[in-house]
Each structure stands twice: as structure tokens, then as C-alpha cells.
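First up is the structure itself, then whatever we jot down about it.
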Amino acid sequence: MASDIPTEAIDIHNELVFYLGTQIEETKLHQLKNLFRNNPLTPVDIVSIKNIYDLFDSLMRYTRIAVGDYTQFVRKLKLTNPDLERYVKEKENAIKSIVDGGPSPAKQPRSGDQGQQQSTDLANMIVTTSDTSRDKKTAKARIKKEKEKKFYPTKGFCDAKEKLLKTKVVVIKGNTGDGKTAIAVQLLHWLSEEQQAGKPLQIHKIKTLDFLAPNMKLITFIDDIFGEKDASKKDVQKWNKRISDVETLFVDKQTQTNFLIITIRNEVFNSLEKRSLGTILTEDNIIDLSSHTYKLAEEKRELLELYKPKNFSWTDKEKTQILTYAPNIGFPQCCQLFYNSEELQKERERFFENPFHFLNEALSKLQECSALLYLFLIGGMMIVKDLDPNSKTVDEKLLEQAFSIKLIGGKNHTATPFCNKIGKMGFIKDSFDELLGFLVKKEKHWSGEDVYRFNHDSIYVAVALLYGKATPIGYIQNCPRKSLRYLTTSETATNMIVISSVHYTDMCERLLPEFECKAYLDGTSSIGFLDVWNDPVFVERFVGLLDDRKDDKLALINKACYSGAAECALYLLSEGVKPDKYAALWLLIDRHWNDSNRQVCLLKKIVVYLNDETKVDVLNKACYSGAEECVLYLLSEGVKPDRETVFSVVREGRVKVLRKLLQYDVTPTARDKYNNNVLHMACEYQREEMVTLLWDTYPHLVHDTGWSGQTPLHAVAWGTNCSMFQTVERFVLNSLYRVEDQQHKCESVDGRVVHRNCVCAQYMAQLVNDDGTTVLHASCVSGNRELCLYICRSYPALTAVSKNDRHCLHYIAGSLGLDVLDWFTECETHVKQYLESTGRKYDITTILDCNGESVLDKARERAKFLGTQNDPLLDHLIKVFGK
1 MASDIPTEAI DIHNELVFYL GTQIEETKLH QLKNLFRNNP LTPVDIVSIK NIYDLFDSLM
61 RYTRIAVGDY TQFVRKLKLT NPDLERYVKE KENAIKSIVD GGPSPAKQPR SGDQGQQQST
121 DLANMIVTTS DTSRDKKTAK ARIKKEKEKK FYPTKGFCDA KEKLLKTKVV VIKGNTGDGK
181 TAIAVQLLHW LSEEQQAGKP LQIHKIKTLD FLAPNMKLIT FIDDIFGEKD ASKKDVQKWN
241 KRISDVETLF VDKQTQTNFL IITIRNEVFN SLEKRSLGTI LTEDNIIDLS SHTYKLAEEK
301 RELLELYKPK NFSWTDKEKT QILTYAPNIG FPQCCQLFYN SEELQKERER FFENPFHFLN
361 EALSKLQECS ALLYLFLIGG MMIVKDLDPN SKTVDEKLLE QAFSIKLIGG KNHTATPFCN
421 KIGKMGFIKD SFDELLGFLV KKEKHWSGED VYRFNHDSIY VAVALLYGKA TPIGYIQNCP
481 RKSLRYLTTS ETATNMIVIS SVHYTDMCER LLPEFECKAY LDGTSSIGFL DVWNDPVFVE
541 RFVGLLDDRK DDKLALINKA CYSGAAECAL YLLSEGVKPD KYAALWLLID RHWNDSNRQV
601 CLLKKIVVYL NDETKVDVLN KACYSGAEEC VLYLLSEGVK PDRETVFSVV REGRVKVLRK
661 LLQYDVTPTA RDKYNNNVLH MACEYQREEM VTLLWDTYPH LVHDTGWSGQ TPLHAVAWGT
721 NCSMFQTVER FVLNSLYRVE DQQHKCESVD GRVVHRNCVC AQYMAQLVND DGTTVLHASC
781 VSGNRELCLY ICRSYPALTA VSKNDRHCLH YIAGSLGLDV LDWFTECETH VKQYLESTGR
841 KYDITTILDC NGESVLDKAR ERAKFLGTQN DPLLDHLIKV FGK
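Numbered per the UniProt record's numbering, the sequence shown spans residues 1 to 883.
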């Protein structure tokens, strides 16, 4: 199957996994993989997964995800790292577009394509039908002038040249700012000046085609055919009447070739009927600058350099941010805007991530924005089947609002004639289809439904800002909950909707129901971070409204803590509201607190109202949530930790807090429900610094066993970190050293320590859990080749079977890794050498488990599970057993 996936898609997949690995912290990774526990990951899988690559490999092995299909992964990711959800979905869409072979809604405007927004007014640049001798000279001069402007020869430009040579016609299709006109200008220069292929001629009216004839050796250019906004019906009708004539002029064979260059906007092209395409506006002639074919990161890098202002430089990190998060439309024009504006340059990469200046210009070119406004009002996603005008899911209030507001001032509101729901929903459906690949995209939702969405988050925000500017009260009352964050009372704020004191009552009325806990299960839309909370006048007005309504202030302070609205909670406390323990517990929800100082400040105000038992609960909650500064504060105030405190700290990897906890006597005696100590957990979670710290303080913990008979060394052997195993092994062996007989001394072979008859070998041989599993067995089960071979070399005698008579070779043969043959044969060599050194004969066919299954049987089960046709290990064992 993998061989059927284009290499470009695989490259995007690999880049996705790499980027996630740089963004997901260890604690979040642990939380993320545990969300897949028992569905589909086994406990052994959980332990063996140490990085994002391991997690992806495991989920792909269980067919929960695939290249270009991360739906189930995203469901879990949004719980641990909601900020990465958008990035994964964008990459998923990019891969799907490549695999499906169609234009992606999010396609980048050819990086280099328009790294050159050249003038669209070419009337003086090219020859006209009225005075060819004079205008020919003007055309050459203008083309020369345009040639001196910034231009990067992109793939779109190169492919357009090939099409012109092949078919004599090229249609440059794309979105606003993609560089359609700039490429066309360069093509005119190339054909007329470099190729001497004819005289350039721009026509502004379709009927001008009537004056042309075959064999005139003309290079005809039609810029924004059918108009800049929606397709002009008159122009389309005129074009339809002349399609056969156009084919005669430019397609049919001629002695003096005519060339035709056309540019057309996506939304205009999408509105055309099939009969208007003819043999001109066809796929063979089209260069789609918005498709994935012309979305090349390297060209975007070149454009950034081409349009780099004087005395300005980009860092590698900024470039990566721009290439990752910039919208997939208008990149060349954004580069030019950035180059020409000192104000935009101050925003640096933030402008490219949210290019509102460009988007406002793009939106201003639309004839109508009602559909986009409705999409915003319903939260940015519309299920396709809900466009049925008779659907009960249609919000008629929001629909009416969308068709009542003009986002772009001074433009005719062409949708107003639609006075009923049926007409309005039909208009919205048509608008979405016309805007596909530009401002709107159509994709598959995780539920399996087809949905419309904004093509980029910045488009959603641009529509929000225009709506808020048009009607602040309408915005406050109707905007989606997550969009309240764009409201502010600060007059100096940029890219925000500024509200004044006259709007405070409406804002307070909107916020009160938003404080219901059931409303913010999604932490990404928390109202706690609204900018309005920073205005003390607003907060006072808000609480005053509560007084008037006689609302429960205790419930409100709990909700304020839950949502992260610290200023509101502090004001309520200053008004004498006494909190309970839930206020403290809610404020420790880690998703709400980027500012630990503010979190501690609020905790100090609340904890004075709590009893000792509750303070311990709060301490443990702080440990579990990773609120390190809160933990240290509570400990400094004399709160005594319990066993849960210690395990939470180790689980979250808080070394600084653990050092503090070592001052208490709870650490050496703490046991979890499986009777494992904290060193077990540190080994299981591979907290290497913590392991060393615990060993230095409580060395006896290394020999403790849990109820399953497992030691800390077992716990680390189940993992994938060989160096950490060696660390814990060193601790164990150091504890065994004493004056020994010479025969018990460890040996040295080729500079390596080998344990054959020493006390170390004896200790490892008896170090088995209740299932008879040795550390060698554990390393094989976890698929850790490096660790397995290290143990084989260091402890040759450690080849005993477990209680179910399984040999380490059974586990390797059944391993789900893709390349296990070399691992198996190398391990087998060590097993064979040891047996023969003790006078015994090695026969792989006699190694059977308690069910009578051989190593070959396990290899067959593995191949069947993986569904592989050619399995090197299985082929090898079949030959061995067949001898």
C-alpha cells in the first residue's frame, strides 16, 4: 500500500511527525499515548512508546491512522495539545490533495508565482487594434520596464511556457494575489522579445476578438476574463458565442501562429457552466496556481528573500513559521505588501500568519459576503447536508443576521432580494462552491460528513473583524463563543474589535451564560483569557450586574477559576466572597494558565480559606496538573505531601519538586496500588535524572519488588532506553560488590564486561517476576533490539524460559517490528554460542513453549497479523526448519 502513496505525500507525513516531535513535551506525549490505552495500544505498547515516531508507528500498525488520515489521532491530540490540531489537519488535507490529485482548497499561491505583483493596467504596455505602429514601441518599452521589476521564475511560469509551446494557449487560474498577471506579463515578454513569436495585444472586451484573424502572429492577453468579482453574464454570453471562433484563432493549425494568454480568478472559473469552457478553458491549458503542484516551500523561501526589505533579515525559525502557518492564498502579494509597508514589517512573521491587510483587500473584491458571514456565525463549519433549506439545523436568526449586514462598506448588498430561507440557503450553497479553493474549502469531518470550512483560520478572523466593525452589538450578541476573544476595550489594540462603555451591558449579558461549566469543555475557547477582564471598570460593571440579579457569587468564583478569569475571581474575593475547595481545584486546570505568577497569586488568596485535608488535595491536584510553582508555594506554606503527591510529581517529571519532596519521609515508603515504589515509576516513565536522584537518596529502592514480582530494573527493561537500563544496572551491580572469590570475578571480553559465573550473573538469573520473565524477556517484548543484544552479550546465561516456556527467540519472532531478521539472527548467534560453550547442542526446532508452538509458529502468526506477502524472517525460518 505504501508504494501507492506519492513520495510527496510521504514527505509531508514525515515532516508532520518531525514537527510534532519538536512541539509535544514529554508529559503531554505520555498523556496522549495513554488516551489510546487498550484501544488499540496494549500496556506493553504504552511502555515501549518513547517518542512521537513510536506512537505513529504503533497507530499505523494497528491501522488507526494512515498517511493522510489522522482523524483518530486528532481526536486525542485536541485533548492534550489543541494548538496543534489545526496544523495536523492542514497537513492531512495537503496529503489528501496530493493522493486525490485534485486542487487543494488550501493551495499556496505559487511562492514565486507572484513574488511580483505587477501592474494590471497593461493598456499602454501592449499593442492595440487602433494604432499598432505607435503602440508597438510603447509595448516594448513597457515590457522592458516591467521586466526590471522583481520576478522569480516559478514552476508555474515554467509550466506556462511549456503549455504555450505545446498548445499555443495558456489559462492562468488562481486566487487573488497568486501572481496570475505577473506571470502573464513575463510570458508576453518571453514570447515577444526573447522568442520573437509575435506582437503583444491586450484586449479588454470580448467583442474585440471579432477584429482578430488567423495567421496574424499575435500574442493576445485577456486579464481577469469575465471580471474581477463574479462572472459577468454579458461577457460570458459574448464568449459563448465566439468559442468556435476563438478555437479557429488560437487552436487550429496556422502558418503564422497566434498565442493566447488568459488569467481567471478561481471563484469566477467555478461559476462557469461547462459549455463556456470549450477547448480553451480546459485542464490541458490551465495552470492552477492554487493547486498543490505549485505549492512549493522552496519557492516561498525565494520570494521571502526577493521581497526582503533593506536592512531586514529573517531567522530560520521565522521562515519555518511562515511556511507552516501562512494562508494558502495570496502569498506573493503578501510578500509585496510586506516589502512596501514599514508598519507590516514591524509585525514580522505574524503578518504572514494573519495577513488581514491582504484578506480585507481580497474580501473587498467579492460581490457578496453573506455566505462567509453565515459560515462565521455558525462557528466556521457547515455540514453540506445541512444546506438543505428545510433542515431543522438552519439557525434562522443567524441566517437573517448574515443577510442583513454589509461587511464591505459601500458595496451593493446583492443578496437582499432573497427574502425566504430557501432562497438564502441556495445562495449560500452557490457561494461556497464558487469560493472553493479560495476562501472556503470542502473536506471530510471526523464524523464522516462532508463539511465546508474557511480555507484558513485567518480568513475566519478577517470576517470576524469586519463583522465586529460593522455592528459591535450584533457581534457581541451573535458571534461564536470562541470569537469573544477578539473583543477589547483598549483603543490602542490592533486587529481587535474595540468596544466602548456603551457596549458593556450587552457584553456582561453575553458573558453570564458563558460561565456555565458545561459550556467550556473545550479549553481552546475559554472565556478566561478575554481581554475585557483586564479593564477594571468592565469587571466592576460585570459584578454589579450580578448584584442586581442576585446571582450566586460562590458559584461564579468557581466558574471564574475554572475558566481562568483571574481578574474576575480576584475582584470577587476583594468583595468578600469566600471560596470553597473547588475554586482552588478548578484554578489548577493547566490549560488555562500560561502565567504561573497570576495562578499563584490567586491561589494565595484562596488557600487561606481551606483546611489542612483540603490543602493536601489541592497540592496533589497541582502536582497532577503540572502547576510547579503552585506546588512549591503550598509546600513552603507547610502543606504535608502524601504518597499520591510523590507519584504525581514523578509522573509529571518535576525534578525541582521531587528534590523538595525528598526532605519529607513519605518518598521511601510510598507505594502505588500495585505495590510499586517511586523508583519503579521513574524507570517506567524513563525519568533518568529522577532515577539517579532517588538512587542517591534511597539506594535500597532498586531491589524492591511490586506485587507482580517486578523490580525497577524490569520496569526500565520494558522501555526502549538502553542507556537508562545501563544506569539502573550499574546501581544494582554496585550494591552487590563485595570481597568475592576469584572465581566470582566478572570477565572482560574485547573491552566489554561479561558476566558468566560472577555474583552479577547469579543475581540477574534469579531476577524474574511472577511470570518467570527476565529482563531479557522484557527487552524482547518491548522490541528494544539494542537493549536485547546488550543483555545477550553481557549475560550469556540469561536464556531461561518464562513460566509459559517461552524463549527470548519466541518474543523476537513475534515482534511487530518491520525489520527483525537481523535482530533475530544476531540474538540466535549468542544463544547458540552459550549453549555450545556449555557442551550442549543448539537445535532451534526443539524450542517450544507450553502450547507446543515453535519459533516458526510465532513468525507465521506475526506475518499473518501484519498482512505481509514477503516476510524475510518467516522465509528464513522456513528454510531453517526445512533442513
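Note that CB positions come from ideal geometry on N, CA and C, so glycine has one too. Quantities reported herein were computed from a predicted structural model and do not represent experimental measurements.
Inset, instruction - Note down, in chain order, each residue of its chain lying with its Cβ closer than 6 angstroms to the Cβ of S119, except the 5 sequence neighbours on either side. - result: Since pLDDT at S119 reaches only 33, below the 50 mark, its modelled position is unreliable, and the value read off the structure follows with that caveat. Around S119: no qualifying Cβ.
Inset, instruction - Go through its chain and collect everything with a Cβ distance to C517's Cβ below 7 angstroms, but skip five positions before and after it. - result: With a pLDDT of 46 at C517, under the threshold of 50, the modelled position of that residue is not reliable, and no figure is offered here.
Inset, instruction - Indicate the three-state DSSP secondary structure (helix, strand or coil) for V171 in the structure shown. - result: strand
Legend entry - Residue nearest to I264 in terms of C-alpha spacing, selected from I280, V251, I428, R541: Comparing Cα positions, the closest option is I280.
Inset, instruction - Alpha carbon to alpha carbon, how far is A402 from I497? Give it in angstroms, no decimals. - result: 18 angstroms
Legend entry - E342 - containing alpha helix (DSSP H), residue span: 342-347
Inset, instruction - Return the chain-ordered ranges of every beta strand (DSSP E) run that is complete within the stretch 431-502 and spans a minimum of 3 residues. - result: 440-444, 450-454
Inset, instruction - Flag this pair as touching only if the stretch 184-193 and the stretch 319-326 have three or more C-beta atom pairs under 8 angstroms; answer yes or no. - result: no
Legend entry - The alpha helix (DSSP H) enclosing residue 886, as first and last residue numbers: Outside the displayed range of the chain (1 to 883) lies residue 886, so it cannot be described from this structure.
Inset, instruction - Taking only the alpha-carbon atoms, compute the straight-line gap between E567 and E575 and give it to the nearest angstrom. - result: 12 angstroms
Inset, instruction - With distances taken Cα to Cα, identify the nearest neighbour of N611 among V639, A627, G198. - result: V639
Legend entry - C334, buried or exposed, once every other Cβ within 10 Å from all chains shown has been counted against 16: buried
Legend entry - Buried/exposed call for G751, threshold 16 Cβ in 10 Å: exposed
Legend entry - Neighbourhood of V44 by C-beta distance below 8 angstroms, restricted to the same chain and skipping five residues each side: W718, V781, S782
Inset, instruction - Using alpha carbons as the reference points, say which of I422, K365, E628 lies closest to I408. - result: K365
Legend entry - Reference Y664; option with closest CA among I5, R756, Y698, K604: Y698
Inset, instruction - Inspect the CB distances between the stretch 689-703 and the stretch 752-771 and report whether three or more fall short of 8 angstroms. - result: no
Legend entry - At least three beta-carbon pairs within less than 8 angstroms, the stretch 346-354 to the stretch 373-385: no
Inset, instruction - For N534, count neighbouring C-beta atoms within 10 Å of its own C-beta (all shown protein chains included) and say buried if the count is 16 or more, exposed if not. - result: exposed
Inset, instruction - Identify the continuous beta strand (DSSP E) that holds L201 and give its terminal residues. - result: For L201, the enclosing beta strand (DSSP E) begins and ends at 199-202.
Inset, instruction - With distances taken Cα to Cα, identify the nearest neighbour of F358 among Y374, E342, C369, F338. - result: F338
Legend entry - the stretch 16-36 in contact with the stretch 71-84 per 3-pair CB rule at 8 angstroms: Touching, yes.
Inset, instruction - Report the three-state DSSP secondary structure of V831 (helix, strand or coil). - result: helix
Inset, instruction - Report the rounded CA-to-CA distance for D690 versus V657, giving the unit in angstroms. - result: The question names Asp, but residue 690 in the sequence shown is Met. Between M690 and V657, the C-alpha separation is close to 11 angstroms.
Legend entry - Proximity below 7 angstroms, CB of S97 to CB of T720: no
Legend entry - Contact the stretch 260-275 vs the stretch 165-182: 3+ CB pairs below 8 angstroms: yes
Inset, instruction - Pull up the distance between the alpha-carbon of Y834 and that of D843, whole angstroms please. - result: Cα to Cα, the separation comes out at about 13 angstroms.
Inset, instruction - Pull up the distance between the alpha-carbon of F157 and that of V502, whole angstroms please. - result: 54 angstroms
Inset, instruction - Report the option in N14, K150, K615, V650 whose CA atom is closest to the CA atom of Y624. - result: V650
Inset, instruction - Quick one: grab the DSSP three-state call for T393. - result: coil
Inset, instruction - Consult DSSP for L218 and reduce its assignment to one of helix, strand or coil. - result: strand
Inset, instruction - Let me know the secondary structure DSSP gives D388 once reduced to three states. - result: If DSSP states are grouped into helix, strand and coil, D388 belongs with coil.
Inset, instruction - Throw me the rounded Cβ distance for the A778 and H714 pair, which I believe falls under 8 angstroms. - result: A778 to H714, Cβ: 6 angstroms. Contact.
Inset, instruction - Determine the direct distance from the alpha carbon of N38 to that of L399, and round the result to whole angstroms. - result: Taking the straight line joining both Cα atoms gives about 44 angstroms.
Legend entry - Same chain, Cβ closer than 8 angstroms to Y53, five either side skipped, listed in chain order: Non-local C-beta neighbours of Y53 in its own chain, meaning closer than 8 angstroms and more than five positions away in sequence, comprise V17, G21, ordered along the chain.
Inset, instruction - Identify whether S119 lies in helix, strand or coil by the three-state DSSP scheme. - result: In this prediction, S119 scores a pLDDT of 33, lower than 50, which makes its location untrustworthy; the coordinate-derived value is nonetheless stated afterwards. If DSSP states are grouped into helix, strand and coil, S119 belongs with coil.
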